[in-house]
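Remarks on the structure that follows.
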Amino acid sequence: MGRIVLDQVSKKFGDVEVIPPLDLTIEDGEFAVFVGPSGCGKSTLLRMIAGLEDLTSGNIEIDSEVVTEVPPSKRGLAMVFQSYALYPHMTVRKNIGFPLRMEKMAPDEIDKRVEAAAQSLNLIDYLDRKPGQLSGGQRQRVAIGRAIVRDPSAFLFDEPLSNLDAALRVGMRLEISEMHERMQTTMIYVTHDQVEAMTMANKIVVLQAGVIEQVGSPLDLYHKPQNVFVAGFIGSPK
Ligand code: ADP
Ligand code: MG
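Residues 13 to 250 (our numbering) make up the sequence shown, in order.
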């Protein structure tokens with residue numbers, strides 16, 4: 013499960029309409045990438061889906077349920093932020109299990125889930141370490157692990173790799189793509205990086221100034237950009 017539908021969703025900050033009403037459907041299991049220049053509204057859109065930002069108009073449905081008034085923790089989504097704040101004094105095991113301890117899950121069930129998450133993220137040998145003893149990529153994986161343990165119906169990523177150096181970024185891109193292959197869970201991934209969008213997405217949503225310029229597969233966008241903005245942004249010959 014993890015079908016997300018935006019119906020005439022808009023956002024104003026004060027008098028400024030940063031996102032005019034838009035419609036968008038993300039299918040169950042899709043890897044959707046929101047791409048566009050800085051300030052075009054990618055984070056705002058993602059935060060509205062997560063429930064971290066009110067809508068000015070419209071509705072959001074997750075798996076046919078209207079969630080517009082549902083608080084973030086009850087939407088069944090996992091948000092992975094750019095600045096992955098891990099607890100420095102806690103081990104990897106404690107960091108990954110943290111959301112489950114908050115839910116008062118039984119300790120042996122927590123251990124089982126943490127170990128399964130660590131296994132799938134290649135962290136099983138690092139469970140007793142603290143964040144300070146990990147590389148940047150490993151810390152990023154711990155942050156993802158913390159999202160995975162709750163078994164979300166979709167993952168929301170907001171430029172999760174932009175703090176990493178170039179080499180690490182390529183590796184993490186592959187890891188996130190592989191994670192999607194394995195789990196087949198809906199993922200929405202925000203980036204301003206065209207290469208990231210083109211290499212990771214099933215569905216690319218190109219935004220400019222809060223407006224969807226085009227929705228399509230990487231090949232659609234490459235071969236049939238609908239306008240000059242999309243063509244220029246994707247970098248295909250016009
Ligand atoms: P992106 O993630 O694509 O860089 P954002 O969604 O962060 O863009 O921002 C979209 C627009 O909304 C920008 O013009 C930004 O300045 C504005 N904005 C974002 N958050 C707020 C806020 N809390 N108050 C006022 N304006 C905001
Ligand atoms: Mg942003």
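A virtual CB, placed ideally from N, CA and C, is assigned to each residue, including glycine.
| request: Work out the CA separation of valine 182 and serine 55 for me, nearest whole Å. | output: Cα-Cα distance, rounded: 22 Å.
| said: Please classify aspartate 66 as buried or exposed, where buried requires at least 16 other C-beta atoms within 10 Å of its C-beta. | reply: exposed
| message | Please give the ranges of any beta strand (DSSP E) in the stretch 14-82, keeping only runs that are unbroken, at least 3 residues long and fully inside the region. | response | 16-25, 28-38, 43-47, 69-74
| task | Could you name the residues whose beta carbon sits closer than 5 Å to any heavy atom belonging to the ligand ADP, keeping them in chain order? | result | In chain order, the hits are Phe25, Val30, Ser50, Gly51, Cys52, Gly53, Lys54, Ser55, Thr56.
| query | Looking at C-beta atoms only, is the number of pairs between the stretch 62-78 and the stretch 223-238 that lie closer than 8 Å three or more? | reply | no
| said: If contacts are defined as beta-carbon pairs under 8 Å, then isoleucine 74 and valine 21 qualify, I think. What distance do you get, rounded to the angstrom? | reply: 13 Å between Cβ atoms; not a contact.
| field | Rounded separation between asparagine 214 and histidine 235 - CA only | value | 15 Å
| message | Let me check you understand the geometry: is the CB of glutamate 65 closer than 7 Å to at least one non-hydrogen atom of the ligand MG? | response | no
| said: Does alanine 90 pass the burial test, meaning 16 or more other C-beta atoms within 10 Å, or should it be called exposed? | reply: buried
| message | Considering only DSSP beta bridges, list what leucine 219 is partnered with. | response | Ile224
| field | Pairwise C-alpha distance: valine 92 and lysine 250 | value | Bear in mind that the predicted position of lysine 250 carries a pLDDT of just 38, short of 50, making it too unreliable to give a figure here.
| Member of Ser50, Ile122, Phe241 whose CA lies at the smallest distance from the CA of aspartate 205 | Ser50
| said: Please classify glutamine 152 as buried or exposed, where buried requires at least 16 neighbouring CB atoms within 10 angstroms. | reply: By the neighbour-count rule (16 or more Cβ atoms within 10 Å), glutamine 152 is buried.
| Opposite methionine 91 in the DSSP bridges: which residues? | Under the DSSP definition of a beta bridge, methionine 91 partners with Leu168.
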